[in-house]
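**Student:** Numbering (full-length UniProt numbering), first residue to last: 1 to 115. In this text, a Cβ means the ideal position worked out from N, Cα and C, and glycines have one as well.
(1) Considering only the beta carbon of each residue, do residue 35 and residue 81 sit closer than 8 Å?
(2) Would you check if the distance between the CB atom of residue 18 and the CB atom of residue 24 is smaller than 8 Å?
(3) Considering just the uninterrupted stretch of the alpha helix (DSSP H) at residue 43, what are its terminal residues?
(4) Could you check which residue in 75, 101, 97, 29 has the C-alpha nearest to that of residue 89?
(5) Between the Cα of residue 47 and the Cα atoms of 77, 20, 29, 101, which residue gives the shortest distance?
(6) Tell me where the alpha helix (DSSP H) around residue 76 begins and ends.
(7) With respect to the alpha helix (DSSP H) encompassing residue 62, which residues constitute its N-terminal and C-terminal limits?
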């Protein structure tokens, strides 16, 4: 149940950010939910592999290269999902940073409600 709620909150975050950011678009609520599911899958499977393969770059940049990996994950989701559009690396980077912040806020509110 908690996983489904997190997916729904992620979909809400995708919708809000798509409305705010001109370089990001989502066609429908269903597309936003699909984006949330695909991002969860990519973050679980592809991201650890990318982090491992780029570990030297991540260490040299003191972790900042993880932002590039997150942007690549967003662009990969853009490639796979028809109803989701990101116009380039810069918008993917901005979207990934804001999505992380937005999700952190929503999840912290969710944890406070359970306490």
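**Tutor:** Looking at the coordinates:
(1) Taking the first residue of the chain shown as position 1, residue 35 is located at position 35. Taking the first residue of the chain shown as position 1, residue 81 is located at position 81. Their beta carbons are under 8 Å apart, which means residue 35 touches residue 81 by this criterion.
(2) Translated into the one-based positions of the chain shown, residue 18 becomes position 18. Translated into the one-based positions of the chain shown, residue 24 becomes position 24. In contact: residue 18 and residue 24 (Cβ atoms closer than 8 Å).
(3) In the chain shown, the residue the question calls residue 43 occupies position 43. That run of the alpha helix (DSSP H) goes 29 to 53.
(4) The residue given as residue 89 occupies position 89 in the chain shown. When only C-alpha atoms are compared, the closest one is 75.
(5) Taking the chain shown and counting its residues from 1, one reaches residue 47 at position 47. For the options 77, 20, 29, 101, the alpha carbon positioned closest to that of residue 47 is the one of 77.
(6) Locating residue 76 in the chain shown gives position 76, where the first residue counts as 1. Here the alpha helix (DSSP H) through residue 76 covers 65 to 80.
(7) Residue mapping note: residue 62 aligns to position 62 of the chain shown, counting from 1. Element bounds for residue 62: n/a, residue is neither H nor E.
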